[in-house]
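Trainee: So the sequence shown is residues -48 to -1, 1 to 623, counted in mature numbering (1 follows the signal peptide of the UniProt record, and there is no 0).
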Amino acid sequence: MRIPGQGGGQGQGGHRYVFRRRRAHGNMKLLRTLWLAWLLCTACCASAQSIVPAIVPDIALLEDPQGTLALADAIAAGNRFAPGSPSVGFTTSAYWMRFTVRNPGGEAMTWWFDTGNRTLQEVDVYQPDGRGGWLRMATGSRYPFAQRPLPTDTFVFPLTVAAGASTDVYLRVRSTGFLGVSLLPRLWTPSAYLQAAQADRRAWLTYLGMTASLGAFNLMLWVYLRERNYLLYVLTLASIVWAISSTAGGFGSAFQLFWPNSPGFEQCSWMLSQIPVTWLPVLFAFQLVDLHARTPRLSRAIWGVITALTVAMVAMVVLTVLQRPSLAPLLQGLYVMGWFLWLPVYPLVAFAVGREAWRGDRMARYFCLAYIPSIVVAAAISTQALRGLPPALSNMLWASAFELLVMALALADYLNSEHQEKIGAQEALLDSTRRNEQDLERKVLQRTLELNAEQKRTKELLYNILPVELADELSATGQARPARHESATVLFTDFAGFTAVASTMPADRMVAELNEIFAAFDDITDECGVEKIKTIGDAYMAAAGLPKPCVDHAQRCVRAGLKMIAYIEQRNRRHPFKWTLRVGIHSGPVVAGVVGKRKYAFDIWGDTVNIASRMESSGEGMRVNVSAYTSDLAGGEFDCEYRGKVAAKGKGEIDMYFVRGARNAAVTMDG
């Protein structure tokens, strides 16, 4: 796991250390404050629970399976009403409920009738209007928030009863969604209801303040440390708050403030909120306790169940969007199936975390402590939902507040542990650095020497392949730029009758002969300042005046050609194989450059090269044959004999000259 804040110099590390010491002290102060907030939250919940409303007595029920009975039909079927529980559970039938409200006082009195439900799609209340008719108040979750008789989270209706009188009230309810009919009907005096609502609101706002503080604190930690566990905690906290707000209502604030005219989205939000709260808390536990690595098989089973549950929840959301009452049986069936899928999730997570806690893992112990109230409350709420009873907000708040606080403590402990691990790792790193510093310096020095030697060998290899100037340019820049030379001289040599001689000579002997001769030619070109270009079979190609220009390039090539012939004549006197050498030379413009990707090659191109080749092929054995231009350039130093116009392949007739020798001294092998 990444160490938060790792990196930076020693001074920066010291600064962060001091900062974190101060922050750790601030952490404890904040957590103490949040702990007091949790105590206040539970106190508020207890205060809310201490207000006991009057339960509506003697409720009689009439089932309307088709949902088609009108008020007159229900009144006419009065003898079919039977006592029963107002929470009938999962059903698609409409239910008529009848009860009597009495006022024994001496003046008219208004009661607030609280259904204790916020999810039913159809809720209608009928009471006598005092003129022989009936006053109807219709609302439900499929209507905008403004249609509620009172701006409350649950469906609450004002009922006015004359002094000393009693009145029969009819209530019609129907569920066309995934939740059944679950009512907790109560009669309140307006002041008692407002007092209870105010107590619940204090608990809710205290809870929101605590979660906002925890969320902001851990969000700042994530921004500073970029440790994803803190961001995951913030997302988990947000999912829990959203789920509680949607499931228990949050006193209608979200529906009333954010989407009061979108009842369809309000119904979808109940199940939408369950998707992140199913994934994120489990993912947070897996991340901090590392359950993926420690319990791989159980992890796969848990995530498989969660995935199946998510599919069921998404299906319920899609079906809810369609807003078709005929889909209610399918929705409620999916809800029951989802409940059975959800039921083993937290026990399995608790088993995995508990096993790691038993083995001594600190994070696992924190999670065991945090999730005990949540598991108990979640199981109780789920059981209540199956029995048709609405969830208790105070229990949810208490369990959630306790869970979030303990998880915040776990993260604070995690931060401290990571900090201690970082200090230990830094000290070990410094010790290792001190021990290895000298070895590293020796290795660097040795490697530097090796690189220098390798670089030297590379340059020597390039010098053997390319001219020195181009080799240096290639080493420095990675490329050798081509160049055009307006005046250069090209030399070609070839052995007359080489094919016939080579056919009678063993291969190794032939290669040895050519190697010996061409090695001597290499020495001659170096001596005369001529650049070897390449060998092609028995042909040897060289040039002067490139890549570094010079004014005596023609003289250099002629001098080299005469020395080559002198060498062959001398060698023929000592060896049984007699070679006949032809030399051709021409001067003119050429283009020179380096080509190739893996094997670099320096080469020249242009018509001058072609004519020099024709000079060689049109010459005679043991003679240097030059063009008129080369004769003009070298004539001051060498004696040239005009041959006349000689036919050259592809070039027509060309003036050619034989070089007879140097004017002032005979050209020998020694120069």
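Glycine included, every Cβ here is placed at the ideal spot set by N, Cα and C.
1. Do you know offhand how far Gln18's Cα is from Leu166's?
2. When DSSP labels each residue in this structure, what does Ala264 get in the three-state scheme?
3. What did DSSP end up calling Arg525 once you bin it into helix, strand or coil?
4. For Arg88, which residues in the same chain have their Cβ closer than 7 Å to its Cβ, ignoring the five residues on either side in sequence?
5. Rounded to whole angstroms, what's the CA-CA distance from Glu355 to Glu370? Just pull it up for me.
6. Measure the beta-carbon distance from Tyr323 to Leu361 and round it to whole angstroms, keeping in mind my assumption that it falls under 8 Å.
7. Starting from the N-terminal side, write out each stretch of the alpha helix (DSSP H) that is 4 residues or longer and does not extend beyond the region 255 to 299.
8. Check Glu589 in the structure and name its three-state DSSP category.
9. Between the Cα of Met61 and those of Leu279, Ala264, Ser118 and Val463, spot the shortest distance and give me the residue it belongs to.
10. Would you kindly report the start and end of the unbroken alpha helix (DSSP H) that includes Ser455?
11. For residue 626, count the other beta carbons within 10 Å of its own beta carbon; 16 or more makes it buried, fewer makes it exposed. Which is it?
12. Kindly indicate which residue of Pro228, Leu293 and Phe217 has the alpha-carbon position closest to the one of Ala253.
13. Could you give the DSSP three-state label for Leu102: helix, strand or coil?
14. Rounded to a whole number of angstroms, what is the C-alpha to C-alpha distance between Gly604 and Leu403?
15. Identify whether Leu177 lies in helix, strand or coil by the three-state DSSP scheme.
16. Are Ala491 and Ala440 touching if we call contact CB-CB under 8 Å?
17. Could you please give me the residues that DSSP links to Asn577 through a beta bridge?
18. Going straight from the alpha carbon of Leu300 to that of Ala316, what length do you get?
19. Does the structure place the region 471 to 489 close enough to the region 511 to 525 that three or more beta carbon pairs sit under 8 Å?
20. Could you check where the alpha helix (DSSP H) with Phe97 kicks off and where it finishes?
21. Count Cβ pairs between the region 35 to 50 and the region 99 to 107 that sit closer than 8 Å; are there 3 or more?
22. Thinking C-alpha only, which one of Val266, Ser278, Gly481 and Leu274 is nearest Thr44?
23. The alpha helix (DSSP H) spanning Leu123 covers which residue range?
24. Inspect the beta-carbon positions of Gly545 and Pro458 and report whether they are closer than 8 Å.
25. How is the alpha helix (DSSP H) around Gln226 delimited, first residue to last?
26. Under DSSP, the alpha helix (DSSP H) around Glu465 begins and ends at which residues?
27. Classify Leu21 as helix, strand or coil using the three-state DSSP reduction.
28. Could you give the C-beta distance for Phe238 and His244, rounded to a whole number, given that I count them as a contact under 8 Å?
29. DSSP on Asp365, reduced to helix/strand/coil?
30. Compute the distance between the beta-carbons of Asp460 and Arg534, then report whether it is under 8 Å.
31. Applying the criterion that 16 or more other CB atoms from any shown protein chain within 10 Å of the CB defines a buried residue, is residue 677 buried or exposed?
32. Assuming Val561 is part of the alpha helix (DSSP H), what are its boundary residues?
33. Can you tell which of Gly596, Ala600 and Glu589 has the C-alpha that lies nearest to the C-alpha of residue 624?
34. Would Val598 and Val576 qualify as a contact pair, given that the criterion is a beta-carbon distance under 8 Å?
35. Find out if the Cβ-Cβ distance for the pair Ala564, Gly536 is shorter than 8 Å.
Mentor: Considering the structure as presented:
1. Position 66 of the sequence shown holds residue 18. Position 214 of the sequence shown holds residue 166. Their backbone Cα atoms lie some 50 Å apart in a straight line.
2. Along the sequence shown, read from residue 1 onward, the residue named residue 264 stands at position 312. The three-state secondary structure of Ala264, taken from DSSP, is helix.
3. Position 573 of the sequence shown, counting from 1, holds the residue named residue 525. Three-state DSSP puts Arg525 in coil, outside helix and strand.
4. As a working note, residue 88 is residue 136 in the sequence shown. Apart from the 5 residues on each side of it in sequence, Arg88 sits with its Cβ closer than 7 Å to the Cβ of Asp76 and Tyr78 in its chain, given in chain order.
5. What you label residue 355 is simply residue 403 of the sequence shown in a count that begins at 1. What you label residue 370 is simply residue 418 of the sequence shown in a count that begins at 1. Spanning the two alpha carbons is a distance of roughly 22 Å.
6. In the sequence shown, counting from the first residue as 1, residue 323 sits at position 371. In the sequence shown, counting from the first residue as 1, residue 361 sits at position 409. Actually they do not touch by this definition, with Cβ atoms about 13 Å apart.
7. Correct list: 280 to 294.
8. Along the sequence shown, read from residue 1 onward, the residue named residue 589 stands at position 637. If DSSP states are grouped into helix, strand and coil, Glu589 belongs with coil.
9. Start at 1 with the first residue of the sequence shown, and residue 61 comes out as number 109. Ranking Leu279, Ala264, Ser118 and Val463 by Cα distance to Met61 puts Ser118 first.
10. For the purposes of this step, residue 455 is taken as residue 503 along the sequence shown, with counting starting at 1. From DSSP, the alpha helix (DSSP H) with Ser455 extends over Phe450 to Ser455.
11. The structure shown does not extend to residue 626, since the chain is modelled only from -48 to 623, so the question has no answer here.
12. Translated into the one-based positions of the sequence shown, residue 253 becomes position 301. Ranking Pro228, Leu293 and Phe217 by Cα distance to Ala253 puts Leu293 first.
13. In the sequence shown, counting from the first residue as 1, residue 102 sits at position 150. Leu102: coil per DSSP, three-state reduction.
14. Reading the sequence shown from its first residue, position 652 is the one you call residue 604. Reading the sequence shown from its first residue, position 451 is the one you call residue 403. When rounded, the distance between both Cα atoms is 56 Å.
15. Walking along the sequence shown from the start, residue 177 turns up at place 225. In this structure, Leu177 counts as helix in the three-state DSSP scheme.
16. Along the sequence shown, read from residue 1 onward, the residue named residue 491 stands at position 539. Along the sequence shown, read from residue 1 onward, the residue named residue 440 stands at position 488. Going by C-beta atoms, Ala491 is not nearer than 8 Å to Ala440.
17. Translated into positions along the sequence shown, residue 577 becomes position 625. Answer is Gly536 and Phe610.
18. Position 348 of the sequence shown, counting from 1, holds the residue named residue 300. Position 364 of the sequence shown, counting from 1, holds the residue named residue 316. When rounded, the distance between both Cα atoms is 14 Å.
19. Cβ pair count under 8 Å is three or more, so yes.
20. Numbered from its first residue, the sequence shown carries residue 97 at position 145. Segment: none, Phe97 is in no alpha helix (DSSP H) and carries neither H nor E.
21. Fewer than three beta-carbon pairs drawn from the region 35 to 50 and the region 99 to 107 are found closer than 8 Å, and the two stretches are therefore not classed as touching.
22. Looking up residue 44 in the sequence shown gives position 92. The candidate whose alpha carbon is nearest that of Thr44 is Ser278.
23. Sequence index remark: in the sequence shown, residue 123 carries index 171 (1-based). Here Leu123 belongs to no alpha helix (DSSP H); instead the beta strand (DSSP E) covers Ser118 to Arg126.
24. Residue numbering aside, residue 545 sits at position 593 when the sequence shown is read from its first letter. Residue numbering aside, residue 458 sits at position 506 when the sequence shown is read from its first letter. Not a contact, by the Cβ cut-off of 8 Å.
25. What you label residue 226 is simply residue 274 of the sequence shown in a count that begins at 1. Taken as a continuous stretch (DSSP letters only), the alpha helix (DSSP H) holding Gln226 covers Gln226 to Val241.
26. Locating residue 465 in the sequence shown gives position 513, where the first residue counts as 1. Segment Ala459 to Cys480, the alpha helix (DSSP H) holding Glu465.
27. The residue labelled residue 21 in the question sits at position 69 within the sequence shown. The DSSP-derived three-state label of Leu21 is coil.
28. Within the sequence shown, the letter at position 286 stands for residue 238. Within the sequence shown, the letter at position 292 stands for residue 244. Contact between Phe238 and His244 holds, with the beta-carbon distance rounding to 6 Å and staying under 8 Å.
29. The sequence position of residue 365 within the sequence shown is 413, counting from 1. Looking at Asp365 - three-state DSSP - the assignment turns out to be helix.
30. Taking the sequence shown and counting its residues from 1, one reaches residue 460 at position 508. Taking the sequence shown and counting its residues from 1, one reaches residue 534 at position 582. The answer is no: Cβ separation not under 8 Å.
31. Residue 677 is absent from the structure shown; the chain starts at -48 and stops at 623.
32. For the purposes of this step, residue 561 is taken as the residue at position 609 of the sequence shown. For Val561, the enclosing alpha helix (DSSP H) starts and ends at Asp559 to Ser569.
33. One cannot answer for residue 624 here, as it falls past the ends of the chain, which runs -48 to 623.
34. Residue numbering aside, residue 598 sits at position 646 when the sequence shown is read from its first letter. Residue numbering aside, residue 576 sits at position 624 when the sequence shown is read from its first letter. Using a Cβ distance threshold of 8 Å, Val598 and Val576 do not count as a contacting pair.
35. On the sequence shown, position 612 is the one that residue 564 refers to. On the sequence shown, position 584 is the one that residue 536 refers to. A contact, by the Cβ cut-off of 8 Å.
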